[in-house]
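Engineer: Can you keep this structure in mind? I'll have questions shortly.
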Amino acid sequence: MTDATLGGPSRAPSREEQAAMAEKSEGGVMLAADGTPLKLSLARSLRRKRLRAFLLVLPLLAFVLLTFIAPIADMLFRSVENQIIPDNMPRTVAALEEWDPAESELPPDAAFEALVLDMVEMEAAKSHTRVGSRLNYEQSGMSGLFRKTGRRADRVEGDYRAGLIAIDEEWGERQTWTTLKNFSGAYTLGYFLSAVDMTYGETGEIVAKPELQQIYMFLFERTLWLSLAITGTTLLLGYPIAYLLANLPMRTSNLLLILVLLPFWTSLLVRTSSWIVILQQQGVLNDTLVALGLIDDQNRLSLIFNQTGTIVAMTHILLPFMILPLYSVMKTIPPSYVRAAKSLGATNWTAFWRVYFPQSIPGIGAGAILVFILSIGYYITPELVGGTSGVFISNRIAYHISSSLNWGLAAALAVILLIAVMGLYWLYDRIVGIDNVKLG
Amino acid sequence: MAALPPYAGLGERVWWYSFRVICGLIFLFLILPILIIIPLSFNAEDFFTFTPGMLAFDAEAYSLKHYVTFLTDERWTRAVQNSFMIAPAATLLSTALGTLAAIGLSQGTMPYKGAIMAVLISPMIVPLIISAAGMYFFYSRIGLQGTYAGVILAHAVLGTPFVIITVTATLVGFDRSLTRAAANLGAGPVTTFFKVQMPLILPGVISGGLFAFITSFDEVVVVLFVGAQQQKTLPWQMFTGLREQISPAILAAATILVTFSIILLATVEILRRRSERLRGMSPG
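Order-wise, the sequence lines are chains G and W. Okay, so the first sequence: first residue is 43 according to the working numbering, each after it adds one. Okay, so the second sequence: first residue is 97 according to the working numbering, each after it adds one.
So this is what it looks like as structure tokens:
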């Protein structure tokens, strides 16, 4: 990086002398070859270099921002967005603003009138069913109520309150109106409340959902537990392998490393299907056990389409992600420490536990966090081998996107999962460093 | 874990051998599930398990009929075609953009390097189901959902972190004085790049490209949401095959994929060794 014009210390005039000479001749400013002040010229060249580096990164940065970060941001937005209600029911939203569900049982007459007018308009635009299904996510029965009311709203005249309640008694219930009021804003926390099994109560306060409808906290918990179990089993199986690989001669360990890398490179679907082949009731493992006489033909073990299946298949799939970081840390542990411990009288176990193991902890941390991060977001394998008891929160997200079409709730669940992963990743960065990620 | 010393006591001996047996069993756990589908794919019956005939090595119990299904059934051939169209396109895009960015990032003068790196690596960190959900919502807004372009863009962005990581790793060992020497001898930046830098970092670029390829080729979650029936890829077809109509043609497909991954693994290994040799040659 040093420029020729600066001159080395070995040259005849020292740098100070040179500077003094320059000061004498140029009036205090050192000049580059083209006559501009050296400082300016260096700064300019550095700026140009920076710009060039930035221009090289720019295309990819723009690409990632557009095709990846924008979708994630859109998802964040969708998890709170509720534009459909204020857009379609402006009068009702305005009329309900004054009403406090805690004070009076039902909203004022103006709200009933506003609802009828909004309903007639929505019916004409055929949007009342969409609004109804949006509200149905928050209170079941809303979809049917809106469809029914939409059909008959144009016949309501005079006493709007009596007319609406005559169409359906639901309009005489406080809960119906509270739901409308709670979801009248353009933005809502409702999806996040649903994602943690909460909801708005009759007077607008936040309460837990009825026991039978509480599924998400349970699923989050199960995702965490199964991921911890998988991290534990991969560590249990990965540690001996990494230890063996790190302590064998290079040639042998390179050969054995192929046995670790081949599963790593094999398609996820291939590995999942082979576990189905092995573990199912009429599968290879059960057949072998029956043939060996260890179990009856009638009492074949159910090893798949449950939690066992998920844990076994995912342990196999994620094992290389545990072995590789462990191996790369263990390779750097000098064998002399263990030897020193043994020569000082430590038993094999003490030498391992007190000397070797503490040095391998960074590898355990890296591998465990990596496996844990990967497993809490897994979708394909639990979907195929997990049955109903072995599925994760990600399977629920997929269900809400493609089957129930409750995209807001899917987005809210995904955002919660994303925050968890980001937190873990921050931890990983602190322990291992983002730049130390190595592949293969 | 050096060889067993001659003075080892009985307990030590027992432990030494049992440790090796344990490791052997774990290696079996790793490799056996992959190998077991190879013989099963030649099953003459539509079973997912070994028939008595197969165990007796009866030639009639083996057949290639599942391979015939795989090669002639329109669902499978279309899926293969789609995979071989989407993956190379995505690889090309992510390798080109990723290599340029890796060169820029490794210049040392890059401003906001940490923040930019975090953004560029993020597609690798965010769980696929979240990426898929976000892309599904956003791409259907802008009309890319259910198009080849949408799937290719999505797969390309998922592959770029791997390219950046491998190429950056190669550039760490790159001797900067070589580019300066080239410039000194009168080469322009473009000539320097293609004649000096590129040949030296090529192994890294190719293995990054292979990672990007396998990412796209093996990806199911995102294509499941961003794609439509026309973009059905090979893993997607296997996914539906496993979930809906379990047909042993899946095992034929799996066997072919295993062969394919062995070839890829060998290529990456050879490239890595070559890159280390090349870097060993250059001083510094």
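We put the CB at the ideal spot given by N, CA and C, even for glycine.
Counting only C-beta atoms, is Q203(W) closer than 9 Å to chain G at any point?
Structural biologist: It does: the Cβ of Q203(W) has a partner Cβ on chain G nearer than 9 Å.
Engineer: What does A453(G) touch in chain W if you count any residue whose Cβ is under 9 Å from its own?
Structural biologist: Going along chain W in sequence order, the residues near A453(G) (Cβ under 9 Å) are A229, G230, F233.
Engineer: Run down chain W in chain order and give the residues with a C-beta less than 9 Å from the C-beta of R92(G).
Structural biologist: Correct list: Q203, T205, M206, P207.
Engineer: Looking at M184(G): is its Cβ nearer than 9 Å to the Cβ of D160(G)?
Structural biologist: For M184(G) and D160(G), no; Cβs fall outside 9 Å.
Engineer: Does chain W have any CB closer than 9 Å to the CB of H358(G)?
Structural biologist: Cβ-Cβ to chain W under 9 Å: yes for H358(G).
Engineer: Determine, for S357(W), whether the minimum Cβ-Cβ distance to residues of chain G falls below 9 Å.
Structural biologist: With 9 Å as the cut-off, S357(W) counts as an interface residue toward chain G.
Engineer: Which residues in the same chain have their Cβ closer than 8 Å to the Cβ of G107(W), if we skip the five residues on either side of it in sequence?
Structural biologist: Nothing meets the Cβ criterion.
Engineer: With a threshold of 8 Å, are at least 3 pairs of Cβ atoms found where one atom belongs to the region 120-130 of chain W and the other to the region 304-322 of chain W?
Structural biologist: Contact fails: fewer than three Cβ-Cβ distances are below 8 Å.
Engineer: Restricting to Cα atoms, I'd like to know which of P362(G), T423(G), L108(G), E145(G) is closest to T352(G).
Structural biologist: Per the Cα distances, T423(G).
Engineer: If you draw a straight line from the alpha carbon of S444(G) to that of Y163(W), how long is it in whole angstroms?
Structural biologist: One C-alpha to the other measures close to 33 Å.
Engineer: Any beta-carbon of chain W closer than 9 Å to the one on S436(G)?
Structural biologist: Yes - at least one Cβ of chain W is within 9 Å of the one on S436(G).
Engineer: Closer than 9 Å, CB to CB, is W111(W) near chain G or not?
Structural biologist: W111(W) counts as touching chain G.
Engineer: Less than 8 Å between C-beta atoms, sequence neighbours within five positions excluded: which residues of the same chain meet that for W90(W)?
Structural biologist: This structure leaves residue 90(W) out entirely; chain W is present only between 97 and 380.
Engineer: Helix, strand or coil for M117(G), going by three-state DSSP, please let me know.
Structural biologist: Helix.
Engineer: Using a Cβ-Cβ cut-off of 6 Å (strictly less than) and excluding sequence neighbours within five positions of A64(G), which residues of its own chain qualify?
Structural biologist: Its pLDDT being 49, under 50, A64(G) is placed unreliably by the model, and nothing is read from it.
Engineer: Quick one: using the 10 Å Cβ neighbour count with 16 as the cut-off for buried, is A186(W) buried or exposed?
Structural biologist: Label assigned to A186(W): buried.
Engineer: Just confirm the distance between the C-beta atoms of V354(G) and L321(G), as a whole number of angstroms; I'd bet it's less than 8 Å.
Structural biologist: Confirmed, about 7 Å.
Engineer: What are the start and end residues of the alpha helix (DSSP H) that includes T195(W)?
Structural biologist: Run containing T195(W): 170-201, per the alpha helix (DSSP H) assignment.
Engineer: In angstroms, rounded to a whole number, what distance separates the CA positions of A85(G) and D76(G)?
Structural biologist: Approximately 15 Å between the Cα atoms of the pair.
Engineer: Using DSSP with H/G/I as helix, E/B as strand and the rest coil, what is L334(G)?
Structural biologist: It is coil, neither helix nor strand.
Engineer: With 16 as the cutoff for other CB atoms within 10 Å, does W219(G) come out buried or exposed?
Structural biologist: By the 10 Å Cβ count, W219(G) comes out buried.
Engineer: For L347(W), count the other beta carbons within 10 Å of its own beta carbon; 16 or more makes it buried, fewer makes it exposed. Which is it?
Structural biologist: When all chains shown are included, L347(W) counts as buried.
Engineer: Taking the alpha-carbon positions, what's the V222(W) to Q256(G) distance?
Structural biologist: Roughly 27 Å separates the two Cα atoms.
Engineer: Between the region 180-196 of chain W and the region 363-372 of chain W, can you find at least three pairs of beta-carbon atoms closer than 8 Å?
Structural biologist: With a cut-off of 8 Å, the region 180-196 of chain W and the region 363-372 of chain W do not count as touching, because too few Cβ pairs lie within range.
Engineer: Please classify R313(G) as buried or exposed, where buried requires at least 16 neighbouring CB atoms within 10 angstroms.
Structural biologist: Looking at its Cβ environment, which holds 16 or more other Cβ atoms inside 10 Å, R313(G) is buried.
Engineer: Would you list the residues sitting across from Y242(G) in a DSSP beta bridge?
Structural biologist: Note: Y242(G) sits in a beta bridge opposite I248(G).
Engineer: Taking DSSP as the reference, what is the three-state secondary structure of L73(G)?
Structural biologist: In the structure shown, L73(G) sits in a strand (DSSP, three-state: E or B).
Engineer: Below 9 Å on C-beta distance, what does E340(W) contact in chain G?
Structural biologist: Within 9 Å Cβ-Cβ: nothing; E340(W) doesn't reach chain G, min ~11 Å.
Engineer: Let me see if you follow: with CB-CB separation under 9 Å, is E65(G) close to chain W or not?
Structural biologist: Here the model assigns E65(G) a pLDDT of 49, short of 50, so the residue's position is not dependable, and the following value carries that caveat. Chain W contact via Cβ: absent.
Engineer: Would you kindly check if the distance between the Cβ of R193(G) and the Cβ of E212(G) is under 9 Å?
Structural biologist: Against a cut-off of 9 Å, the Cβ pair of R193(G) and E212(G) comes out as no contact.
Engineer: So, V457(G) versus L222(G), is the Cβ gap smaller than 9 Å?
Structural biologist: Cβ distance not < 9 Å, so V457(G) and L222(G) don't count as in contact.
Engineer: Nearest by alpha-carbon distance to W141(G): which of A388(G), N224(G), T350(G) is it?
Structural biologist: Comparing Cα positions, the closest option is N224(G).
Engineer: Where do the ends of the alpha helix (DSSP H) carrying P285(W) lie?
Structural biologist: P285(W) -> alpha helix (DSSP H) spans 285-288.
Engineer: So, is N341(G) buried or exposed, given that buried needs 16 or more other C-beta atoms within 10 angstroms?
Structural biologist: Exposed, because fewer than 16 other Cβ atoms sit within 10 Å of the Cβ of N341(G).
Engineer: Distance, Cα to Cα, K384(G) vs W111(W)?
Structural biologist: Their backbone Cα atoms lie some 17 Å apart in a straight line.
Engineer: Could you tell me which residues DSSP pairs with L158(W) in its beta bridges?
Structural biologist: The identity of residue 158(W) in the sequence shown is Tyr, whereas the question assumes Leu. Paired residue(s): N139(W).
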